[in-house]
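Residue numbers (the numbering used here), protein chains in the order written: chain E, 475 to 852; chain P, 123 to 420.
Following this line, the structure appears as structure tokens:
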């Protein structure tokens, strides 16, 4: 055990800090939340700056234009960019963190060449078409059909919770190619250009009042079979190959941000009960920050503990607890959202325990994979 | 940066685990702390790790294992003072293990001590933790000065980390024994561990252990660093999370064991009671949350 970073890692950190100091003043103010064209541009510009600075695709192999960074460097990158309040990955999320790595692992040469450079430069925004109205926690029960017709698939169905759907160029879509196979064996992974005829996108208004999620309706959408990634009916496996790219760093930005918000919130109150609860929230976030470092340590050794399964569950619940505290501390000062980051965050965090694996599903997973308890129906 | 055990630390953990499994089964643990137990642990090097060339991270690993086995005695005090001693902090209304130890320390603004034989009072005939005898103090003076505020701070930091490590070990063992029970206990023709109501309780035990373990290791590794900035914050976090893990896992273990969890025979209550006791050492979770808030507000 050792808290100190190596000289090479400290030098990586110092260079990054210098680059951030130099680059951030040139970043224009963040556009308004519902100006999707401007938001896309802002996120894409930041990705381009990362690309020009040599920080794009940090965890991608060098042969695909990435930086081939170590897990610890990846951790430092997220830590330092969050501390410097640099733009978050935003609309580049699906492309840089999920679709890109999937193509690297499973794509053909042509598929890689068509998309990877664009993703790294911020020229191509991706969205994700996985969930459906009838397939949420039970994702493998998805029913959007892709029927083979010559060299095309013909898609019919409906997707939901598609982040940045309204501005995406391309989507990674899971579709059913064999309705008769057991449900997770009849799924294929497709690259879907979002401007194809038959695709209709409707934003969903969230409880926050924002519209980052979309519904996507697919009516007789023709996609060439060459847009399939991996073998037909092998999409369930394909979609899970990206786990090794995350390397325990999934919530670094969020945790650094949470620790900062705790320090900010300490200025809001002198009430002893609120302060005690604030100390408690801080302990939860700081413990998760240590757990993140421990996960990265294990990844660096090529091992994996239970930490990765724990962080999402524990972080989302701690963050809701913190948000609740903030509302109570702000009292009637918290009755308007504009200019009130803590109130906005309280609303946004309602989704944390639901999105990307509801807390109840996470508990099932931990009890089955870590503790070996009997499995739920699949 | 590495918060995972090194190969040497894995060997150290396995070594102490083998020793405890061989000589400190629950039958012996239930006999309580005595001088033979102290001598045996001292001979194994448990109280002299730092002077023997180990670091605090190593000591945390050892104390985590002592916690797993619920080994009784003022083990943390022995390790930080180098004596066979128990300690009090600001409150002197109850003193532990008086009839077994040589000294009782007071770790408060400064460090003082007195021979255990100098304390008089009423021995509790029904202590909260049956393995931790309590003297309800009538009188006694911590006359002898051992060290100044600096030593008190050092003792408090080290004591907190080792106590948190011990609590972590207890939380882990409570989880293991409860999961084993949930897999074997059958009701409604199924192991109770197949019900989500139980599975989710057990998953939450894992969550508490994993977060607490990372926090304890980070705090112990921080003790080994010359740079003390943020040290008290890291240590407070470890104590909050490990203390909660031990107590809440103790309560969960009792619940999942059902009626058996309320019996003297099943070990769960011994762990839960020790967890409660250790919440009175080096700051409860609540007081440590207050410390964290004070650090944030400063």
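A virtual CB, placed ideally from N, CA and C, is assigned to each residue, including glycine.
For this session: Measure how close the beta-carbons of residue 183 of chain P and residue 127 of chain P come, nearest whole angstrom, since I'm counting them as under 8 Å.
Result: 7 Å
Problem set entry | Boundaries of the alpha helix (DSSP H) in which residue 505 of chain E is found, first to last residue | Per DSSP, residue 505 of chain E lies in no alpha helix (DSSP H) and is assigned neither H nor E.
Exercise. What residue from E/697, E/761, E/622 has the CA that sits closest to residue 125 of chain P's CA?
Worked result: E/761
Exercise. Mind checking whether residue 290 of chain P and residue 338 of chain P have CB atoms under 8 Å apart?
Worked result: Contact flag set, yes.
Exercise. Which residues in chain P sit within 8 Å of residue 784 of chain E, going by Cβ to Cβ distance?
Worked result: 328, 329, 332, 333
For this session: Determine which residues share a DSSP beta bridge with residue 353 of chain P and list them.
Result: Partner(s): none; residue 353 of chain P has no beta bridge.
Problem set entry | Rounded Cβ spacing between residue 231 of chain P and residue 276 of chain P (contact assumed at less than 8 Å) | The C-beta separation of residue 231 of chain P from residue 276 of chain P comes to about 13 Å, leaving the pair out of contact by the 8 Å criterion.
For this session: Give the straight-line distance between the Cα atoms of residue 306 of chain P and residue 612 of chain E, rounded to the nearest whole angstrom.
Result: 29 Å
For this session: Only counting runs of 4 or more residues, tell me where the alpha helix (DSSP H) segments fall wholly within the segment 791-825 of chain E, in order along the chain.
Result: 815-822
Problem set entry | Distance CB(residue 331 of chain P)-CB(residue 377 of chain P) smaller than 8 Å | no
Exercise. Going straight from the alpha carbon of residue 555 of chain E to that of residue 253 of chain P, what length do you get?
Worked result: 51 Å
Exercise. Is there a Cβ from chain E that is less than 8 Å from the Cβ of residue 379 of chain P?
Worked result: No, residue 379 of chain P does not count as interfacial toward chain E.
For this session: Check whether the Cβ atoms of residue 361 of chain P and residue 315 of chain P lie closer than 8 Å to each other.
Result: No, they are not a contact pair.
Problem set entry | Contact belief for residue 769 of chain E with residue 781 of chain E at Cβ below 8 Å, rounded distance in angstroms | 4 Å
Problem set entry | Alpha-carbon to alpha-carbon, residue 832 of chain E and residue 319 of chain P | 16 Å
Problem set entry | Identified DSSP bridge partners for residue 633 of chain E | E/690
Problem set entry | Contact list for residue 124 of chain P against chain E, beta-carbon separation under 8 Å | 475, 476, 771, 774
Exercise. Within 10 angstroms of its Cβ, does residue 662 of chain E collect 16 or more other Cβ (buried), or is it exposed?
Worked result: By the neighbour-count rule (16 or more Cβ atoms within 10 Å), residue 662 of chain E is buried.
Exercise. Per DSSP, what kind of secondary structure is residue 232 of chain P in: helix, strand or coil?
Worked result: In this structure, residue 232 of chain P counts as coil in the three-state DSSP scheme.
Exercise. Hey, would you say residue 566 of chain E sits closer than 8 Å to residue 542 of chain E, going by beta carbons?
Worked result: Cβ atoms of residue 566 of chain E and residue 542 of chain E: not closer than 8 Å.
Exercise. Below 8 Å between beta carbons: does that hold for residue 151 of chain P and residue 200 of chain P?
Worked result: no
Exercise. Can you name the residues of chain E whose CB is closer than 8 Å to the CB of residue 419 of chain P?
Worked result: 740, 741, 749
For this session: Taking only beta-carbon positions, decide if residue 308 of chain P is within less than 8 Å of chain E.
Result: no
Exercise. Does the beta carbon of residue 127 of chain P sit closer than 8 Å to a beta carbon anywhere in chain E?
Worked result: yes
Exercise. Counting along the chain, where does the alpha helix (DSSP H) carrying residue 188 of chain P start and finish?
Worked result: 178-190
Exercise. So does the segment 219-228 of chain P actually touch the segment 152-169 of chain P, counting three or more Cβ pairs closer than 8 Å?
Worked result: yes
Exercise. What's the C-alpha gap between residue 647 of chain E and residue 488 of chain E?
Worked result: 39 Å
For this session: Quick one: grab the DSSP three-state call for residue 312 of chain P.
Result: strand
Exercise. Since residue 634 of chain E and residue 689 of chain E are thought to touch, with beta carbons under 8 Å apart, how far apart are those beta carbons, to the nearest angstrom?
Worked result: 5 Å
Problem set entry | CB contact check: residue 347 of chain P to chain E, cutoff 8 Å | yes
Exercise. Cβ of residue 273 of chain P versus every heavy atom of the ligand ZN: is any distance shorter than 7 Å?
Worked result: Among the components of this structure there are no ligands whatsoever, and the ligand ZN is therefore not found.
Problem set entry | Neighbouring residues, chain E, relative to residue 316 of chain P (Cβ below 8 Å) | The contacting residues are 847, 848.
Exercise. Does the beta carbon of residue 408 of chain P sit closer than 8 Å to a beta carbon anywhere in chain C?
Worked result: Here chain C cannot be found, since the structure's protein chains are E and P.
Problem set entry | Boundaries of the alpha helix (DSSP H) in which residue 258 of chain P is found, first to last residue | Looking at the DSSP string, residue 258 of chain P is not in any alpha helix (DSSP H); the run it does join, the beta strand (DSSP E), is 256-261.
For this session: Return the first residue and the last residue of the alpha helix (DSSP H) that residue 727 of chain E is part of.
Result: 726-739
For this session: Would you kindly work out how many angstroms separate the C-alpha atoms of residue 384 of chain P and residue 296 of chain P, rounded to a whole number?
Result: 14 Å
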